[in-house]
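Below is one structure, written out as structure tokens; comments come after it.
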Amino acid sequence: MIEVTLLGTGSPIPDPDRAGPSTLVRAGGQTFLVDCGRGVQQRLAATGSGANALSALLLTHLHSDHIADLGDVIITRWVTTFVPDPAPLQIIGPPGTADVVNATLRAFGHDIGYRIAHHADLTAPPPVEVHECTEGTVWDRDGVRILVAPTDHRPVTPTIGFRVEHAGASVVLAGDTVPCESLDRLATGAGALVHTVIRKDLVNQLPMQRIRDICDYHSSVEEAAATAARAGVGILILTHYVPGIAAGTEDEWRALAASAFDRQIELGDDLHRVEVHPGVCARSRS
Ligand SMILES: [Zn+2]
Ligand SMILES: [Zn+2]
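Residue numbers (the numbering used here): 28 to 313.
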């Protein structure tokens, strides 16, 4: 079984009830944080997990809303890991990730210096290991395999999606993307597809062109559902709602998804949890 928890279902627009984009994936005793938007660690704490429990941090792309709390995750893991000689935090993301991680470590350089000066058992900066990739197998440990494929969020490039596989169960995390062939391939036959969505019907009515601009590089609810249908996934999990789902309108969002996808649809608030079991896929991966 793979467990998916929507830690943050918000977007770049601050929302009192929704943290920034982030999803927790637990499989075979391993814990993966996918993106680390605003407020992620409060939600992580609510699941009983924490930065020091992560097997790896997976980044779909380097937009600010998806990496807002990167520094907090790196520093908190460092100061709350009490074993001597701790293993480096594994960070897997698209090319550019090493740049961002190095710049983040520089930004926290003063803090890192203070803590090393203050605590005898902290003798080195936070250990991190960055893996940049756009395609292929990026993780294969103790029964958990993670594959990567490019997505299409242009002009943001490169961007990637992840497929986590464990004991016959599989979950694909699309990140921000318009429908594209490589995502279709990555998601083929998966147990679940976690997809970010925007309501283009609502966003296109807003008077600000800068807000309407976001329609051209995201999937609508119907487009994400059509991707799920083409790939034959078992469960469609929607997140990163733009605009945030207004009270009482969940069924409207669900109906839009159901117009293109006739299997299980999941959406909800932060900390919504979905279990993905083996054998829910409609057809095997080709
Ligand atoms: Zn984005
Ligand atoms: Zn985003």
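Every residue, glycine too, gets a C-beta built ideally from N, C-alpha and C.
- Cα atoms of G56 and G77: separation of roughly 14 Å, rounded to the nearest angstrom.
- Judged by DSSP in its simplified three-state form, H137 adopts helix.
- Here S49 is buried: its Cβ has 16 or more other Cβ atoms, across all protein chains shown, within 10 Å.
- As a beta-bridge residue in DSSP terms, S197 pairs with E192.
- For I225, DSSP records a beta bridge to S247, V269.
- L85 places its beta carbon 8 Å or farther from that of G123.
- With distances taken between CA atoms, D126 lies nearest to E159 out of R104, E159, I101.
- Remark: the shortest separation between the CB of H93 and any heavy atom of ligand 1 falls under 7 Å.
- Any heavy atom of ligand 1 within less than 5 Å of a residue's beta carbon puts that residue on the list, which reads H90, D203.
- CA-CA distance, V110 to N79, rounds to 11 Å.
- Going by DSSP, L33 is part of the beta strand (DSSP E) stretching over 29-35.
- Within 7 Å of the C-beta of T186 there is not a single heavy atom belonging to ligand 2.
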